[in-house]
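Residue numbers (the numbering used here): 2 to 175.
Following this line, the structure appears as structure tokens:
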């Protein structure tokens, strides 16, 4: 992720939170996110538009967005501008911001792992995450982690305590 090259911290928590807010606003489901050299490839299922009498109205179609580093920066700015009120900073009762909150949790985990080359997919509210972690000369490898929907919901509920303690614990996807 080049937006943060040279900075002391790669803030995946904020990046994924902002992308999650975009996913929520686009009303996407079953999301796939792949880190690219200059941004991300985001894919998900969204409701087809069209006239109310059209055969495709209300059906699910695959939507693909290539988000450049610059666009991600804009999403982060917009996300930061929305924050600051209690209503925007907490989970909504119907979780209309599930991806924003869930992907923030995933981002905190990525930050704690000091990883890159992020690939994640979500289905049914559960996330599978593949990260590349650089260790010593022979210990660099991809690792998988899984966060179920119930785990994500529990972490959203306990988010204030989690932020004070640190990132969520890893659950291997073996």
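We treat Cβ as the ideally placed atom computed from N, Cα and C, and that holds for glycine.
Note that this is a predicted model, so its numbers are computed, not measured.
query, result
"Can you check whether the CB of residue 27 is closer than 9 Å to the CB of residue 64?", "yes"
"Using the Cβ count rule (16 or more neighbours within 10 Å means buried), how would you classify residue 123?", "buried"
"Are there 16 or more other CB atoms within 10 angstroms of the CB of residue 24, so buried, or fewer, so exposed?", "buried"
"Under the three-state reduction of DSSP, which class applies to residue 47: helix, strand or coil?", "strand"
"Please list, in chain order, all residues of the same chain as residue 46 whose beta carbon is under 8 Å from its beta carbon, the five residues on each side excluded.", "29, 30, 31, 61, 62, 63 and 64"
"Among the residues of its own chain, which have a CB less than 6 Å from the CB of residue 105, if the five just before and after it don't count?", "14 and 18"
"Enumerate in chain order the residues of its own chain whose CB-to-CB distance from residue 67 is below 6 Å, with the five nearest sequence positions on each side excluded.", "42"
"Check whether the segment 106-126 and the segment 140-149 touch, using three or more Cβ-Cβ pairs below 8 Å as the test.", "yes"
"Is the distance from the Cβ of residue 119 to the Cβ of residue 102 below 9 Å?", "no"
"Given that a residue counts as buried once 16 or more other Cβ atoms are within 10 Å of its Cβ, and exposed if not, what is residue 159?", "exposed"
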